[in-house]
RNA sequence: GGGCCUAUAGCUCAGCUUGGUUAGAGCGCUUCCCUGAUAAGGAAGAGGUCGGUGGUUCAAGUCCACCUAGGCCCA
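Residue numbers (my numbering): 43 to 855.
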């Protein structure tokens with residue numbers, strides 16, 4: 043037999059073999075006769091051997107043998123036993139059994155009624171009366187024992203073998219598996235109840251329920267409750283010399299049993315151990331057993347122990363069981379289990395309904411954080427650098443809560459800039475223009491239905507976001523909720539505010555009311571994620587009108603389903619896709635957005651039915667005079683391309699899909715398109731499949747103008763910009779140049795956004811004079827000029843590269 | 001040794017439940033545009049064997065099996 047722990051050979055009690063494996067009696071080249079598992083013989087006796095006999099392991103049962111050492115007395119032992127866990131992958135197929143030092147050994151030896159003899163003291167040293175190694179630390183005894191084995195001729199081979207061995211995580215002392223009597227809770231008796239409780243529990247992620255945690259319950263073993271320590275909750279069991287036991291339930295009961303008032307005694311060691319009582323059964327003196335209770339029991343008792351139940355009940359009944367518990371995945375066999383086990387034992391109900399099981403955070407290289415490696419990121423330091431809300435938002439929304447995640451400064455700084463700061467700046471914007479307009483959030487506002495389309499869109503989006511965040515949080519999915527909020531903030535800032543700025547400059551109550559409401563919903567939805575920022579925003583913007591001092595005292599926002607307009611959402615999405623294409627076309631054409639263009643042609647399903655307001659959004663954003671539908675123009679100007687829509691075709695044609703797709707690609711696109719448009723369907727010749735009927739759903743059509751346009755298209759939608767710049771358009775472009783330059787000068791001069799100015803201009807260029815004649819009023823309105831004067835004047839010079847002449851402004855006092 | 005999870009761009013992560021032909025976002029990088037809230041915003045570009053192998057399927061990042069690597073718990 044072989045072992046990696048020679049010190050346990052002193053306690054050798056039996057040898058285990060695998061009953062179903064074949065064993066061989068062999069003679070080695072040295073003439074020695076040995077028994078080993080047959081399939082391992084070749085590896086052990088590489089110099090050759092002769093098989094004298096062979097038999098299954100089961101035939102070896104109860105055969106006696108001489109043990110390696112006779113240093114301690116082990117009666118009625120030392121024969122071969124059968125154990126299924128023995129393998130013939132490694133070693134000799136003969137497994138040394140020392141039941142005091144291994145759980146498997148203990149189980150198999152107990153099955154044969156073998157004694158459990160332990161010559162090692164609790165301090166890890168051999169008993170003093172053991173010959174040769176008496177008083178030696180267990181791990182230090184190996185050397186002497188191996189030498190003694192060698193001397194006695196019983197050592198077959200001694201080799202270096204690398205294997206893992208448990209050590210104390212703090213002082214690195216080798217640890218010992220050590221059998222000792224313990225107190226147990228018979229949790230196996232409530233195994234079915236535990237499984238039933240688990241069935242009634244929601245796990246996030248769901249795989250844990252029947253995976254890691256379910257497996258653990260299925261393989262439940264009794265809870266080893268006692269610990270041989272000093273600190274801890276003393277096990278409240280008293281025992282007399284006749285082994286009668288009494289379990290004590292309270293200090294009052296203990297006083298009664300002891301015959302004196304001990305209620306003032308500290309119920310911990312050493313004081314509680316001074317209390318003795320006459321045994322209720324035999325009247326002999328009973329003393330407390332020395333063990334304390336596993337501290338994990340205390341953790342599982344938290345739900346009732348924390349409120350002093352049953353001595354004081356408080357509102358315990360109302361708060362049990364808890365709605366949810368949130369801990370990291372390593373607590374599966376820890377707190378999750380103790381809470382469920384004790385709850386089920388005591389109240390026949392687990393102490394929680396939902397579990398959010400977090401993954402661990404890792405360092406930036408994906409390693410787990412540990413003091414040992416020095417890669418620990420201090421949470422307080424992260425909060426000092428980025429803010430507590432940033433750290434919190436990142437944890438909740440920056441990835442799956444239940445997945446291990448890398449954490450670093452960069453990732454957290456990112457969410458601040460991207461989402462939190464954008465939110466904050468939008469709030470600042472609303473605050474600024476609300477103040478300038480002396481707008482009162484409690485005052486009357488136009489009904490939502492009477493507001494411009496973009497306002498109705500924003501209110502609809504806010505309610506959609508609210509609705510979807512609500513449903514994500516119902517599923518404990520903070521990541522999805524966070525993404526929905528972040529997307530909405532982006533839409534809010536970079537579409538609604540961007541497109542609506544002018545209305546805020548004018549103090550439009552509809553715009554102010556709309557943004558106020560959108561921010562109110564956002565702030566409420568974000569409050570659980572970023573409690574500090576939202577609280578500040580709430581107090582600044584909402585507390586006075588909402589009648590609630592704190593966002594955390596406000597009710598969760600209720601979705602107004604009547605304000606959700608899915609078709610408007612769909613239409614606005616189309617508008618934004620067309621705008622994106624238009625920007626791309628602008629960029630490739632080299633004509634800057636400041637230069638107005640006369641017209642664009644748009645080809646996209648649904649464009650023609652968009653409201654004029656929405657089409658105007660595209661014109662405004664892209665600085666166009668008009669945007670018309672392409673298919674109203676001369677068909678000869680249009681290039682048509684058609685691609686197969688595999689998703690639609692696949693469900694119809696299955697295996698033949700590629701044939702149809704090829705046929706569509708080969709067909710005359712213009713003819714196919716006009717046939718589908720006029721008749722709703724068209725025919726293509728698909729090889730051996732013959733004639734196949736195709737409808738609009740089966741294809742993706744892209745139409746683009748042929749010549750003289752800047753074009754961008756994607757996914758069947760396209761926009762073409764007419765690049766012809768008339769003198770009129772050119773002068774409009776120059777006016778925009780002037781506006782931009784004046785704004786920049788205002789900003790550089792430190793003027794406030796609401797400051798009024800006086801403007802002077804002078805130029806000898808006829809074209810520029812013409813431009814001023816046509817656009818002066820428009821420029822004045824844009825730059826808040828109370829007067830536009832032709833001539834030299836003004837304090838702050840404005841430099842405009844493309845506009846010859848002199849421009850200057852002065853702040854109005 | 002067992003159970004469960006994870007692997008997608010240089011980095012951090014979506015997408016996988018319900019398979020569809022140009023695989024997305026942000027950060028970083030290059031070029032350009034815009035700017036009257038914004039440490040902002042927009043466009044174009046470079047950057048991907050979707051860990052590997054095999055299978056199912058007309059079609060696989062997505063479904064299945066196995067393997068490799070990492071993580072957690074247990075032995």
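A virtual CB, placed ideally from N, CA and C, is assigned to each residue, including glycine.
Ranked by Cα distance from residue 776, the options 815, 826, 794, 792 are led by 815. Closest by C-alpha distance to residue 818, out of 793, 781, 789, is 781.
Residue 337 counts as exposed, since fewer than 16 other C-beta atoms from the protein chains shown sit within 10 angstroms of its C-beta. Apart from the 5 residues on each side of it in sequence, residue 425 sits with its Cβ closer than 7 Å to the Cβ of 433 in its chain, given in chain order. In the three-state reduction of the DSSP assignment, residue 271 falls in the coil class, being assigned neither a helical nor a strand state.
The segment 109-181 contains, as complete beta strand (DSSP E) runs of 3+ residues, the segments 122-124, 137-139 (chain order). Straight-line spacing of the CA atoms in residue 315 and residue 329 works out to 7 Å. Across the structure, residue 187 and residue 50 are spaced so that their CA atoms are roughly 10 Å apart. Its chain contains 724, 738 as the residues whose beta carbon lies nearer than 6 Å to that of residue 718, once the 5 sequence neighbours on both sides are disregarded; these appear in chain order. Three or more pairs of CB atoms, one per stretch, sit closer than 8 Å, so the segment 225-234 contacts the segment 262-279. The segment 498-512 makes contact with the segment 601-612; the number of CB pairs closer than 8 Å reaches 3 or more. Looking at the backbone, the Cα of residue 851 and that of residue 547 are separated by about 20 Å.
Taking each of 171, 179, 174 in turn and checking the Cα distance to residue 164, the smallest one comes out for 179.
Unbroken alpha helix (DSSP H) runs of no fewer than 4 residues, entirely contained in the segment 765-839, are found at 769-790, 808-825, following chain order. Residue 321: not part of any beta strand (DSSP E); DSSP gives it neither H nor E.
Cβ contact annotation for residue 60 (same chain, cutoff 6 Å, sequence separation greater than five): 99, 128, in chain order. Here residue 255 is not near residue 380, since their CB atoms are 8 Å or more apart. Here residue 797 has 788, 826, 853, 854 as same chain residues with Cβ atoms under 8 Å from its own Cβ, once five neighbours each way along the sequence are excluded. Taking 8 Å as the upper bound for CB-CB distance, residue 687 and residue 741 are in contact here, some 6 Å apart. At the C-beta level, residue 218 and residue 157 stay beyond 8 Å of one another.
Counting along the chain, no beta strand (DSSP E) covers residue 264, and no H or E run does either. The three-state reading of DSSP puts residue 285 in coil, since its state is none of H, G, I, E or B. One alpha carbon belongs to residue 475, the other to residue 511, and they sit about 29 Å apart. A direct Cα-to-Cα measurement between residue 721 and residue 563 gives close to 48 Å. Taking C-beta separations shorter than 7 Å and ignoring five residues to either side along the sequence, the partners of residue 274 in its chain run 334, 335, 337, following chain order. In the three-state reduction of the DSSP assignment, residue 493 falls in the coil class. Short of 7 Å from the beta carbon of residue 804, and not among the five residues preceding or following it, lie these beta carbons of its own chain, in chain order: 832, 833, 834, 847, 848.
Taking C-beta separations shorter than 6 Å and ignoring five residues to either side along the sequence, the partners of residue 327 in its chain run 318, following chain order. Between residue 400 and residue 473 a beta carbon distance of about 37 Å is seen, past the 8 Å cut, so the two are scored as non-contacting.
Three or more pairs of CB atoms, one per stretch, sit closer than 8 Å, so the segment 233-252 contacts the segment 390-399. Straight-line measurement puts the Cα of residue 287 at about 29 Å from the Cα of residue 143. Spatial neighbours of residue 351 in its own chain (CB-CB distance under 6 Å, excluding positions within 5 residues in sequence) are listed in chain order as 358. Closest by C-alpha distance to residue 830, out of 801, 332, 845, 839, is 801. Between the segment 194-203 and the segment 232-241 there are fewer than three C-beta pairs closer than 8 Å, too few to call the two in contact. When secondary structure is reduced to three states using DSSP, residue 660 falls in the helix class.
Where residue 606 is concerned, there is no enclosing beta strand (DSSP E), because DSSP gives it neither an H nor an E.
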